[in-house]
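If you use the working numbering, the sequence shown closes out at 750, no skipped numbers anywhere. We put the beta carbon where it would ideally sit given N, CA and C, even for glycine. The structure appears right after this line, and notes come after that.
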Amino acid sequence: MKPKDIDTYLGSIPDSQRTALQELRAQIRKAAPKADECISYGIPVFRQGGVICGFGAAKKHLAFYPFSSRIIEIFAEDLKNFDTSKGTIRFQPENPLPSALISKIVKARLEENNTKT
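Structure, rendered in structure tokens:
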């Protein structure tokens with residue numbers, strides 16, 4: 634069954650993952666205070682002028698989704714210690730993404746959304 638909101642989503646995952654994702658959520662919220670939260674694609678997503686980012690829990694990792702391969706390329710050096718793919722950054726609860734990096738990524742996504750024509 635799909636969760637109806639982010640709190641329900643977070644309540645459905647193990648404590649070890651929940652804590653890291655709650656912190657990620659707070660960091661996203663701080664960087665994009667006007668963003669709307671929702672569940673989309675079956676995961677927690679933030680929207681403002683379009684989708685900004687999302688996050689999720691998998692069996693063996695956590696994921697932060699900037700939904701932009703360009704952002705992954707721009708921050709490649711900062712992400713060198715994390716497993717990345719076209720639009721995903723994977724990390725472990727005990728090795729979360731730095732809050733300054735999350736802020737930079739979220740703000741870059743907001744800028745991308747603002748420059749769409």
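Assignment of serine 649 by DSSP, reduced to helix, strand and coil, places it in the helix class. Take proline 636, set aside five residues on each side of it, and the residues of its chain with a beta-carbon closer than 7 Å to its own are Tyr642, Ser645, Ile672, in chain order. With a cutoff of 8 Å on beta-carbon distance, glycine 720 and serine 736 are scored as not near each other. For the pair isoleucine 685 and valine 739, the CB atoms are nearer than the 8 Å cut-off. The beta carbon of alanine 665 sits closer than 7 Å to the beta carbons of Phe679, Gln681, Ile685, Val739, Leu743 from its chain, once the five residues preceding and following it are set aside; these are given in chain order.
Counting of Cβ neighbours within 10 angstroms places glycine 683 among the exposed residues, the total staying below 16. Assigned with DSSP and collapsed to three states, glycine 644 falls in helix.
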